[in-house]
Amino acid sequence: MADRHNRDIDRPLAPAPKPLPVPTVDAHAHLEIVTDAAPDSAEVKQVLDDAKAAGVDRVVQVGYSAEQSKWCVAAAEHFNDRVLAAVALHPNEAPVVPDLEADLKIIEELASHPRVRAIGETGLDYFRTPPELRKRQQDSFKWHIELAKKTKKALVIHDRDSHDDVLSILLEVGAPEKTVFHCFSGGVDMAKLCIDRGYILSFAGTLTFKNAPELRDAVKLVPHDQLLVETDSPFLSPMPNRGALNTPAQIANIVRAMAEERNESVGALAQALSDNAERIFGSFAAGSTL
């Protein structure tokens with residue numbers, strides 16, 4: 013993953029969007045990749061300040077490895093009124109780490125931290141993982157599901173080219189009360205199934221891509237209380253800045269696109285998304301707990 017990350021941070025920064033009328037939350041970001049800096053650095057603060065100027069005043073910083081999950085917790089500790097953390101092994105990491113048991117032990121220890129409010133991103137990714145490694149990936153996913161239930165924290169799912177197996181495993185193991193499909197990539201049928209099961213669907217900049225009409229159809233169906241918005245920054249910068257370095261500020265462009273598709277006011281939708289994030293992840297305020 014490191015090579016891909018280095019390529020992404022070399023991209024030009026997406027221009028600042030028009031601010032939202034109501035502050036809201038980026039439910040999934042990777043600030044350490046955006047900045048390539050320490051969790052308490054001026055670079056991270058600048059990204060957060062730029063986001064706040066665009067009406068995005070809170071960010072969920074999401075883990076993908078044991079070491080990087082420590083970064084997430086440190087950032088949430090330092091920026092303790094606007095960053096919460098999620099910790100996990102990404103499904104592309106789990107099959108290839110040298111000592112899976114040791115890394116999972118680190119994730120389990122981090123999960124008890126009061127600023128950690130979700131277990132993720134975990135799940136399945138059949139785009140990058142060959143068939144012979146998928147069993148190990150599936151076992152890691154099941155372990156993370158159980159950890160989310162044990163800690164009573166949200167589960168954040170990465171699902172790429174693996175819809176059927178993700179849904180099957182959630183039924184087999186039993187989904188946590190708060191189960192979030194990060195960067196939802198399914199169509200109308202999958203959205204209906206997820207809605208019926210009470211899962212939360214989080215939409216990213218892909219919603220704005222010309223080649224994603226199925227996402228625009230799906231987002232129209234999701235009830236307010238099962239909807240989140242995210243950047244997955246530095247990836248997936250929304251139109252009209254596709255290909256640029258994505259940051260949490262770009263939530264403003266995604267919310268506007270989402271509001272247009274759903275025929276809702278931008279302010280009312282931003283408020284609903286903010287309320288959902290606080291309900292799912294808890295308060296961002298310093299000293300708060302779930």
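Residue numbers (my numbering): 13 to 302. For each residue, glycine too, the CB sits at the ideal point set by N, CA and C. Keep in mind it's a predicted model, so treat the numbers as computed, not measured.
Could you check if residue i is buried or exposed, using at least 16 other CB atoms within 10 Å of its CB as the buried criterion?
i, result
"K30", "exposed"
"L183", "exposed"
"R19", "Note on R19: pLDDT 47, under 50, position unreliable in the model; no value is reported."
"V278", "buried"
"L302", "exposed"
"G255", "exposed"
"N265", "buried"
Cutting at 7 Å between CB atoms, please list the residues of its own chain near residue i, excluding the five before and the five after it.
i, result
"Q149", "P103, A106, P107, L136 and T141"
"H42", "V74, S245 and P246"
"A298", "N92 and D93"
Quick one: Cα of residue i to Cα of residue j, how far?
i, j, result
"E44", "N258", "12 Å"
"S152", "A261", "32 Å"
"D287", "S197", "23 Å"
"H236", "S214", "11 Å"
"A114", "V200", "39 Å"
"S53", "A63", "16 Å"
"R16", "T243", "Since pLDDT at R16 reaches only 43, below the 50 mark, its modelled position is unreliable, and the value read off the structure follows with that caveat. If I take the Cα positions, the gap works out to 17 Å."
"K165", "L159", "8 Å"
"N223", "H175", "19 Å"
"P252", "A230", "21 Å"
Contact defined as beta carbons within less than 8 Å: I believe residue i pairs with residue j. What is the distance between those atoms, to the nearest angstrom?
i, j, result
"V168", "G132", "2 Å"
"D171", "F193", "6 Å"
"V56", "A87", "6 Å"
"V99", "V128", "5 Å"
In terms of alpha-carbon separation, which member of the options lies closest to residue i?
i, options, result
"A97", "W83, P235 and A224", "W83"
"V71", "A100, V85 and E273", "V85"
"C206", "L239, E55 and W155", "L239"
"T134", "L227, E273, A271 and T191", "T191"
"F139", "D173, E158 and L25", "D173"
"I292", "P188, R146, D111 and K117", "P188"
"A269", "P24, R23 and L32", "L32"
"I212", "A203, D111 and T218", "A203"
"L112", "K162, K161 and S77", "S77"
Quick one: residues in its chain with C-beta nearer than 8 Å to the C-beta of residue i, no 5 flanking neighbours on either side, listed in chain order?
i, result
"G294", "L96, R129, S300, T301 and L302"
"A289", "T36, V37, A39, R70, V72 and L240"
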